[in-house]
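Quick note on numbering: numbering that gives the first Met the number 0 labels position 153 of the sequence shown as 152, and the sequence is numbered without any gaps. Glycine included, every Cβ here is placed at the ideal spot set by N, Cα and C. In what follows, a single structure is set out as structure tokens and then discussed.
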Amino acid sequence: MKTLVRIFLALSLLGLLSACTIYLRSSSLSLGFRGSFDLSPIPIITRLEPDRGTGASYRPGERIRFVISLTQAGYVTLVSTEASGYSNTLGTYYLEAGTTLLPPPGQGADYYLVDPGSPYGLERIRAIYTNTQPRGYLSIRGTFSNDEFNNQIRIYFERNLAQIRDVAESYFYVSP
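As structure tokens, this is what we get:
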């Protein structure tokens, strides 16, 4: 009887843990709970990093671009989160499969500027991928906890009705 109870508990624990798989991608800090967003089991975003590399330092007011690689064409929304926790949508773009510098040529400015008022410290960048055109503009602006930020992405996915979704994260430092 004890053996059956142990097997049942082990299977129950295994079932609970299988819903939360943590992925680490070598070229970016892509920590995420894929099960919580119902993301593609195979990552679509295979690379996301600042133009100087993950973890590079930038000064307030400096130009910055991001390198992104996709395994298939789709829509990508880029969102930054400053050291203070303030998040801001940088833009939404249609991208072909392959590697692209963001912002892409012909879709706005040729670069982003690190906000001159940015606090020093870690700044995170998230790329949000969908295979269908977004319904309306995703605008994440404000200070959010990580759970609140993830909830904004979840709402976006629910409104968008995309069948294929992915999220990747990278970072850089704002320093004097």
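Backbone secondary structure at residue i - three-state DSSP
i	result
I124	strand
N130	coil
G54	coil
G73	strand
D109	coil
Y92	strand
R62	strand
Y85	strand
S39	coil
Cut-off 7 Å between Cβ atoms - residues of its own chain near residue i, not counting five sequence neighbours on either side
i	result
R158	R134
S174	S56, R58, Y119
Q162	N130
Residue i - containing alpha helix (DSSP H), residue span
i	result
Y155	145–159
C-beta atoms of residue i and residue j nearer than 8 Å
i	j	result
Y85	T142	yes
E164	Y128	Per the sequence presented here, residue 164 reads as Arg, with Glu not at that position. Against a cut-off of 8 Å, the Cβ pair of Y128 and R164 comes out as a contact.
I43	G90	no
E81	S117	yes
G107	L69	no
Y111	R64	yes
Contact set for residue i: own chain, Cβ-Cβ below 6 Å, skip 5 residues either direction
i	result
L47	S27, I67, A126, A167, S169
E95	A72
N149	none
N87	S79, R140
S83	P118
Endpoints, beta strand (DSSP E) assigned at residue i
i	result
S169	164–173
R46	44–49
S138	First-last for S138: undefined, no H or E at that position.
G97	97–101
Chain-order list of residues whose beta-carbon lies under 8 Å from that of residue i (same chain, five-residue window excluded)
i	result
L160	T131, R134
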